[in-house]
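For reference, the structure discussed in these notes is given below.
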Amino acid sequence: AADFGIHDALKALGIKEVNDGTSTGSDHFSSGDIISSYSPVDGSLIAKVKTTTKEDYEKVMSSATTAFKQWRTKPAPQRGEIVRQFGDKLRELKEPLGKLVSYEMGKSYQEGLGEVQEMIDICDFAVGLSRQLHGLTMHSERPGHRMYEQYHSLGVVGIISAFNFPVAVWAWNTALAWICGDVCVWKPSEKTPLCGVACQNIAAEVFKANNLPEGISCLINGDYKIGELMTQDNRIPLVSATGSIRMGKIVAQAVAARLGKSLLELGGNNAIIVTPDADLKMTVIGAVFGAVGTAGQRCTSTRRLILHESMYDKVKDAVVAAYQQLRIGNPLDENNHVGPLIDTDAVSHYKNALKKVVEEGGKLIVEGGVLDGEGYESGCYVKPAIAEASNDFEIVQHETFAPVLYLLKYSGDVENAIAIQNGVVQGLSSAIMTNNLREAERFLSAWGSDCGIANVNIGTSGAEIGGAFGGEKETGGGRESGSDAWKVYMRRQTNTINFTTELPLAQGIKFDL
Ligand code: UN1
1057 AADFGIHDAL
1067 KALGIKEVND
1077 GTSTGSDHFS
1087 SGDIISSYSP
1097 VDGSLIAKVK
1107 TTTKEDYEKV
1117 MSSATTAFKQ
1127 WRTKPAPQRG
1137 EIVRQFGDKL
1147 RELKEPLGKL
1157 VSYEMGKSYQ
1167 EGLGEVQEMI
1177 DICDFAVGLS
1187 RQLHGLTMHS
1197 ERPGHRMYEQ
1207 YHSLGVVGII
1217 SAFNFPVAVW
1227 AWNTALAWIC
1237 GDVCVWKPSE
1247 KTPLCGVACQ
1257 NIAAEVFKAN
1267 NLPEGISCLI
1277 NGDYKIGELM
1287 TQDNRIPLVS
1297 ATGSIRMGKI
1307 VAQAVAARLG
1317 KSLLELGGNN
1327 AIIVTPDADL
1337 KMTVIGAVFG
1347 AVGTAGQRCT
1357 STRRLILHES
1367 MYDKVKDAVV
1377 AAYQQLRIGN
1387 PLDENNHVGP
1397 LIDTDAVSHY
1407 KNALKKVVEE
1417 GGKLIVEGGV
1427 LDGEGYESGC
1437 YVKPAIAEAS
1447 NDFEIVQHET
1457 FAPVLYLLKY
1467 SGDVENAIAI
1477 QNGVVQGLSS
1487 AIMTNNLREA
1497 ERFLSAWGSD
1507 CGIANVNIGT
1517 SGAEIGGAFG
1527 GEKETGGGRE
1537 SGSDAWKVYM
1547 RRQTNTINFT
1557 TELPLAQGIK
1567 FDL
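Our numbering numbers the first residue of the sequence shown as 1057 and each following residue consecutively.
This is the structure we're talking about:
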């Protein structure tokens, strides 16, 4: 079979393939058990990585805390210059890194490149921001006093990321954390450890070239147990975690128990509302890309289509027809639309969802199923499925990380569709397809969508880095990436300076001695 240049890509990223020994990522101390990374694309073993033991973790933390003392003294614009160099390295390595993302995670090569582009974009954003970490000045109520606020570096930021965006989500966090003067300890998903090693190698090269300690960026490998060391560690003031709601609740409680800060980016149950005024062509593209792109494994994937009864059949037929055109197969082959799921556990969750929706009274109108035979040897390829369902089904309320789309019907006013859209525990992304100004504005109003992201005439997935990314309710409330998301990576200090010879008290209080 064609290797699509994957071996060259691994080489360019400093990943030692399995026959050459174990891939460690530069200076990251891990010496524990082995994680083997298998590709969901063809089932082959790509490379092995050592996990981080408790003793290794202590070494990592000592390297991180030492690096922080140095890094925080560097002026922010100079930290931005380092991030600029890191972004340039990513530009050079965009193709191999995009290929590794595609091969280790299973998303299309186009989406792998897109993910690296998001990393480059957030670096550019961070470089500009490194000269704009603004605080406010305010007028003191006391004469001869000046009051202002400033933002200082926070410390070691712990990053826990998921397999579905194995490189971009780390970059969203780390590029901002770095310009803020923080250092990062990253635990990538144990399902995509090589993406972690590749990123660490790139960062390490930049730090080395600038005579900076590699501890500014640290990598730890392993499952939730190694993540637990971070959530319980007082030396880590902020833990940024992306993953399931179940994981988020555990992380949030552990971090809150020591009054640390957590930034949570958890599950979504994203819907597109299609009103009688929707543009059919745009609706179909938005819905199909949202539901089957990344094989339904984005937090922002479209899970529910809420269709007005007057056009229910028309939209349904058009979406079903589009599903017949989908080509499923090797994601490195640009002729395919849909790649594999991450592993066979994910395939079981997918199968279970299809079974449950029927048990609860739903109807499969695009059947789905697991593919086998030539090209599908990994056992991870599934057919995107569509079911007619009801919003109150337990399975519809639940986020299944797979290409399963539920069709829901509404009648009457757009308010009824908004109630269905909001009628889930998650609150990440939402969209409305309409050319009706009143419907669009109602959807965006305070009594409209309750999600962190609300789009008009765009699908639910594919957010740009410039906006703050995140969601409400059980999605966790965190905001990452653009806008003022940087503020959570810094500590805020209010300063008041008296330049008189008197000591007047605030609120006019008299205290004469
Ligand atoms: C995620 O699925 O974890 O909006 C993040 C999007 C991407 C980010 C998704 N830019 O689809």
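Virtual Cβ for every residue (Gly too), placed ideally from N, Cα, C.
With 5 Å as the limit, the residues whose C-beta approaches a heavy atom of ligand 1 more closely than that are Phe-1221, Arg-1354, Cys-1355, Thr-1356, Ser-1517, Gly-1518 and Ala-1519, in chain order. Taking one beta carbon from each stretch, the region 1444-1452 and the region 1340-1349 have fewer than 3 pairs nearer than 8 Å; the two do not touch. In the three-state reduction of the DSSP assignment, Glu-1471 falls in the helix class.
For Val-1241, the enclosing beta strand (DSSP E) stretches over residues 1239-1243.
Counting every other CB atom within 10 Å of its CB across the protein chains shown gives Asn-1391 a total below 16, marking it as exposed. Taking His-1201 as the centre and dropping the five residues before and after it, the same chain places the C-beta of Thr-1552, Ile-1553 and Asn-1554 closer than 7 Å to its C-beta, in chain order. Per DSSP, reduced to three states, the secondary structure at Ser-1118 is helical. Within a 10 Å sphere around the beta-carbon of His-1190 sit fewer than 16 other beta-carbons, which makes this residue exposed. Going by C-alpha positions, Val-1375 is about 20 Å away from Arg-1354. In the DSSP assignment, Lys-1130 falls outside any alpha helix (DSSP H), carrying neither H nor E. In the displayed model, Glu-1205 falls within a strand according to three-state DSSP. Around Pro-1152, the same chain offers Ala-1065, Ala-1068 and Leu-1069 as residues with beta carbons nearer than 6 Å, after the five sequence neighbours per side are excluded.
Short of 7 Å from the beta carbon of Cys-1507, and not among the five residues preceding or following it, lie these beta carbons of its own chain, in chain order: Gly-1483, Leu-1484, Ser-1485, Ser-1486, Gly-1527 and Glu-1528. Excluding five sequence positions before and after Ser-1092, the CB atoms of its chain that fall closer than 7 Å to its own CB belong to Leu-1101 and Lys-1104, given in chain order. Taking every protein chain shown into account, the CB of His-1195 has fewer than 16 other CB atoms within 10 angstroms, so this residue is exposed. DSSP, reduced to helix, strand and coil, places Gly-1425 within a strand of the structure shown. Counting C-beta pairs closer than 8 Å gives three or more between the region 1258-1275 and the region 1120-1127, which meets the contact rule. At a cut-off of 4 residues, the continuous stretches assigned as alpha helix (DSSP H) that sit fully inside the region 1489-1561 are 1493-1500. Beyond the five residues adjoining it in sequence on each side, Gly-1252 comes within less than 6 Å, by CB distance, of Pro-1244 and Leu-1275 in the same chain, given in chain order.
Under the criterion of beta carbons closer than 8 Å, Val-1172 and Gly-1154 qualify as touching, at roughly 5 Å. Within the same chain, and ignoring the five residues on either side of Val-1344 in sequence, the residues whose Cβ sits closer than 6 Å to its Cβ are Ala-1378.
Of the residues assessed, Lys-1264 falls on the exposed side of the cut-off, its CB having fewer than 16 other CB atoms within 10 angstroms. Each residue's CA atom was taken as its position, placing Gly-1479 and Asn-1513 some 21 Å apart.
With a cut-off of 8 Å on Cβ pairs, the region 1322-1340 is in contact with the region 1352-1370, counting three or more such pairs.
Beta-bridge annotation (DSSP): Asn-1326 is paired with Thr-1358.
Shortest Cα-Cα distance from Leu-1285 to any of Tyr-1466, Lys-1566, Lys-1370 and Val-1116 involves Val-1116. Between Ser-1217 and Trp-1234, the C-beta spacing is not below 9 Å.
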